[in-house]
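**Student:** Supplied in structure tokens, the structure appears directly below.
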Amino acid sequence: MWKLYNKLLARQPILVQSITTAFLFATGDVVAQQYVERKGMDNHDTSRTMRMAVFGGCFAGPVLGNWYRFLELNVKGSTPIKALVKKVAVDQFLCAPVFIGIFFSAQGLLEGKSVNEIKEKLQQGYTTAVLANYKLWPAVQLVNFYAVPLYYRLAVTNVVAIGWNAYLSNVNQRSSSSVPQPVEVNEKENIASPL
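Under UniProt numbering, the residue at position 122 of the sequence shown is numbered 122, and the numbers go up by one with no gaps.
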């Protein structure tokens, strides 16, 4: 199986990385719903899992695969250690905050939220997620950029991201749940009765 994966990865890196990322984003959401939120299979939100898979496959996989190639080709240093530190810094201070903002916005769009609801979702979940990102990802990326060949970096990130995606999915869900929903008022029933 590993040989086949490597062969396909060499032939179609973006496609294979996108499919892998979609699967692992969905896995992260299943972990969030079943092990963090303890919903049980009867209450599992399949459309939520599919939204995570769509985001992973259509955005995260292709974008991050190309991002890692960009870093490898363009971020240099006078020594290997300086190049490594620069890659992690650029990744964490440029890519990570933008990626997290896009994640919450895309999930809001896929959930059918209005622009104002998406703004509220960002206000409630973004800062928490970015701060949590800085507790995990700099160390992961330090090892990833130092020890992992370029073609496997997204796969390594995706494996670690099962837990991260469970976290993001949970934060996204909590920020969606607390956004007030408009109440439909039936005008015929909204007639004030005299006291």
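We put the CB at the ideal spot given by N, CA and C, even for glycine. Note that the structure is predicted; figures quoted are calculated from it, not measured.
With a CB to CB cut of under 7 Å and the five nearest residues on each side skipped, what residues in its chain are close to A60?
**Tutor:** T21 and F25
**Student:** Ordered along the chain, which non-local residues of its own chain (more than five positions away) have a Cβ less than 7 Å from that of Y146?
**Tutor:** L84
**Student:** Using a Cβ-Cβ cutoff of less than 6 Å, which residues in the same chain neighbour N6 once the five nearest sequence positions on both sides are dropped?
**Tutor:** none
**Student:** Just curious, the alpha helix (DSSP H) that T46 is in, first and last residue?
**Tutor:** T46 to F55
**Student:** Enumerate in chain order the residues of its own chain whose CB-to-CB distance from F55 is below 8 Å, with the five nearest sequence positions on each side excluded.
**Tutor:** F25, F103, A106, Q107 and L110
**Student:** Taking K87 as the reference, give the member of A139, M50 and A166 with the closest Cα.
**Tutor:** A139
**Student:** Among P13, S114, V130 and C95, which residue has its Cα nearest to the Cα of L150?
**Tutor:** P13
**Student:** Could you check what DSSP says for M41 in three-state terms: helix, strand or coil?
**Tutor:** M41: helix per DSSP, three-state reduction.
**Student:** What does the alpha-carbon distance come out to for the pair K119 and M1?
**Tutor:** Approximately 43 Å between the Cα atoms of the pair.
**Student:** Within its chain, find whatever has a CB closer than 7 Å to the CB of T27; leave out the 5 residues flanking it on each side and keep chain order.
**Tutor:** Around T27: I162.
**Student:** Compare the beta carbon distance of residue 196 and L154 with 8 Å and say whether it is the shorter of the two.
**Tutor:** An answer regarding residue 196 cannot be provided, because it is not within the stretch 1 to 195 covered by the chain.
**Student:** Taking only three categories from DSSP, how would you classify S175?
**Tutor:** Note: S175 maps to helix in three-state DSSP.
**Student:** Sorted by chain position, which residues of the same chain lie with C-beta nearer than 8 Å to V16's C-beta, five sequence neighbours on each side aside?
**Tutor:** Y5, L8 and L9
**Student:** Looking only at its chain, what residues have a beta carbon closer than 7 Å to the beta carbon of N172, apart from the 5 residues adjacent to it on each side?
**Tutor:** F104, Q107 and G125
**Student:** Take the Cβ of N165 as the centre, count every other Cβ of all protein chains shown within 10 Å, and call the residue buried at 16 or more, exposed below.
**Tutor:** Result: buried.
**Student:** My guess is that A32 and N170 are in contact by the Cβ rule of under 8 Å, so how many angstroms apart are they, rounded?
**Tutor:** 5 Å
**Student:** Taking the alpha-carbon positions, what's the F93 to W137 distance?
**Tutor:** 11 Å
**Student:** Nearest to L122 by alpha carbon, out of R51, P80 and L168?
**Tutor:** L168
**Student:** Report the start-end ranges of each alpha helix (DSSP H) in the stretch 64 to 96 that is 4 residues or longer and not cut off at the edges.
**Tutor:** 80 to 90
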